[in-house]
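Working notes, beginning with the structure itself.
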Amino acid sequence: MTSPTASASTPASASISASASDAASGTAPASVPADVAGSRAASAFAAAAAAGPAHESDPLPEGLIDVVVIGGGAAGLNGALMLARSRRSVVVIDSGDPRNAPADGIHGLLGNEGTPPAEFLARGREEVRHYGGVIISGAVAEARPAGRSADGDLRFTVDLVDGRRLAARRVLVATGLRDELPAVPGLAEHWGHGVVHCPYCHGWEVRDQAIGVIATRPASFHQVLMFRQLSDDIIVFVADGVEVDQASRERCAALGVRIVETGLEEVVGDGAGGISGVRLVGGEVVPRSVLVVATVMGPRLDGVDGLSLATEEVPGGMGEKISSGMAGATEVPGVWVAGNATDPGAQVGAAAAGGALAGAHINGMLVVADADRAVAAAREHAAA
Numbered sequence: 001m002t003s004p005t006a007s008a009s010t011p012a013s014a015s016i017s018a019s020a021s022d023a024a025s026g027t028a029p030a031s032v033p034a035d036v037a038g039s040r041a042a043s044a045f046a047a048a049a050a051a052g053p054a055h056e057s058d059p060l061p062e063g064l065i066d067v068v069v070i071g072g073g074a075a076g077l078n079g080a081l082m083l084a085r086s087r088r089s090v091v092v093i094d095s096g097d098p099r100n101a102p103a104d105g106i107h108g109l110l111g112n113e114g115t116p117p118a119e120f121l122a123r124g125r126e127e128v129r130h131y132g133g134v135i136i137s138g139a140v141a142e143a144r145p146a147g148r149s150a151d152g153d154l155r156f157t158v159d160l161v162d163g164r165r166l167a168a169r170r171v172l173v174a175t176g177l178r179d180e181l182p183a184v185p186g187l188a189e190h191w192g193h194g195v196v197h198c199p200y201c202h203g204w205e206v207r208d209q210a211i212g213v214i215a216t217r218p219a220s221f222h223q224v225l226m227f228r229q230l231s232d233d234i235i236v237f238v239a240d241g242v243e244v245d246q247a248s249r250e251r252c253a254a255l256g257v258r259i260v261e262t263g264l265e266e267v268v269g270d271g272a273g274g275i276s277g278v279r280l281v282g283g284e285v286v287p288r289s290v291l292v293v294a295t296v297m298g299p300r301l302d303g304v305d306g307l308s309l310a311t312e313e314v315p316g317g318m319g320e321k322i323s324s325g326m327a328g329a330t331e332v333p334g335v336w337v338a339g340n341a342t343d344p345g346a347q348v349g350a351a352a353a354g355g356a357l358a359g360a361h362i363n364g365m366l367v368v369a370d371a372d373r374a375v376a377a378a379r380e381h382a383a384a
């Protein structure tokens, strides 16, 4: 499962469909331990990130750029970091609305436990800048192939919504994904806080609480088992049209999990920003302090439609993703993808790793293209 703590790349375009945000997973309600926060404050990069505006934009460079990265989340920034450290000119276009924005902290990422997502990304931007990378705060209106150069190299045009334009040799798409929530009144308003979906992202923070799992598909019963590991007080609310198989009924009964097959009418707030329960059709309110729901996920394609990227279904009815091969290479020559846009289940660490692989692979392809261009020039010179 993806998680807001996990997660996701910040797209350079488009807003998030589920309530504010990241849904990644529910957010991690706990605060950062003082000892963890203290060790972070000593980081030079963290200090540099805190010194300036939260989302400062660099001047747009002129001329041809080696790589434009669309999306400034963990995947996009780590890909840019690999490229910048290889002395590639790289520009990251970041709209500043990461999927995990509602989360209080990142979890499951060694060395960054409890780090607020905004701090994590601010530090990442400073690291990319340290090696000469450029961060542009903005959104992409259209990215598209622009044919080939005179020497046969690929070219792309990236237009920003503010009218500015970039020319690039390669493109890394790290736009993340959107979460589609069930149409239950009150659910979206609490997404990321009180309504979560990933046991690894925020499970520890909701341990021992009264948890309700909204079963939107048969696979939701695996989610039930995951959260039953964290709390003895679990109730499953089965959405309309979802059939519960015998194995799931037996497991729930054996584990003391109650199954409610009356339709949900709304999520009831507690008046302080949290939830107090769910109202069933008929009026009964079942007290719950946390709700778990599996979303339908889809890649953010705003601004990158012109690249004609292929998509495919994610098994288990989880949604769609951008198709990719080794290191995020797509079927479109010169275009790579990384992070939740192609791996919906990736948490922050996995998304960042995907970005690193893509960045390294892009550089590997560029050095070959550069060498071939040098060979062609040498042959032309020798023949003159």
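Numbered as in the UniProt record's numbering, the sequence shown ends at 384 without a single skipped number.
We treat Cβ as the ideally placed atom computed from N, Cα and C, and that holds for glycine.
Fair warning: this is a prediction, and the values are worked out from it, not measured in the lab.
message = I believe V304 touches I65 by the beta-carbon criterion, under 8 angstroms. Please report the beta-carbon distance rounded to the nearest angstrom.
response = With 8 angstroms as the limit, V304 and I65 do not qualify as a contact, their Cβ atoms being about 16 angstroms apart.
ask   = By the 10 Å Cβ neighbour count, where 16 or more other Cβ atoms means buried, how is E62 classified, buried or exposed?
value = exposed
ask   = Roughly how many whole angstroms lie between the Cα atoms of A14 and R300?
value = With a pLDDT of 28 at A14, under the threshold of 50, the modelled position of that residue is not reliable, and no figure is offered here.
ask   = Tell me, which residues are paired with I93 by DSSP?
value = I70, I136
query = In three-state terms, what does DSSP make of D151?
reply = coil
request  = Could you check if M326 is buried or exposed, using at least 16 other CB atoms within 10 Å of its CB as the buried criterion?
outcome  = exposed
query = From Q229 to A146, what distance separates their C-alpha atoms?
reply = 52 angstroms
query = Do residue 386 and P117 have their C-beta atoms closer together than 7 angstroms?
reply = Here the chain has residues from 1 to 384 only, and residue 386 is not among them.
query = Can you tell me where the beta strand (DSSP E) with P299 in it begins and where it stops?
reply = 296 to 299
query = So the alpha helix (DSSP H) S248 belongs to, where does it begin and stop?
reply = 246 to 254
task = Look at the Cβ atom of T216, then the Cβ atom of A294, and state whether they are nearer than 7 angstroms.
result = yes
task = Assign R373 to one of three DSSP states: helix, strand, or coil.
result = helix
ask   = So does V68 have its beta carbon nearer than 6 angstroms to some heavy atom of the ligand GDP?
value = Absence of the ligand GDP is noted for the structure shown, with no ligands found whatsoever.
query = Which term fits S39, buried or exposed, when burial requires 16 or more other beta carbons within 10 angstroms of its beta carbon?
reply = Residue placement at S39 is poorly supported in this model, since its pLDDT is 32, which falls under 50; the coordinates are not used for a value here.
request  = Note the first and the last residue of the continuous alpha helix (DSSP H) segment covering L225.
outcome  = 220 to 228
message = Using the three-state DSSP reduction, which class does A34 fall into: helix, strand or coil?
response = In this prediction, A34 scores a pLDDT of 31, lower than 50, which makes its location untrustworthy; the coordinate-derived value is nonetheless stated afterwards. Note: A34 maps to helix in three-state DSSP.
key: Proximity of A141 and D159 at Cβ, strictly below 7 angstroms   = yes
Alpha carbon of G108 to alpha carbon of L181, nearest angstrom = 24 angstroms
ask   = W191 bridges to which residues according to DSSP?
value = V195
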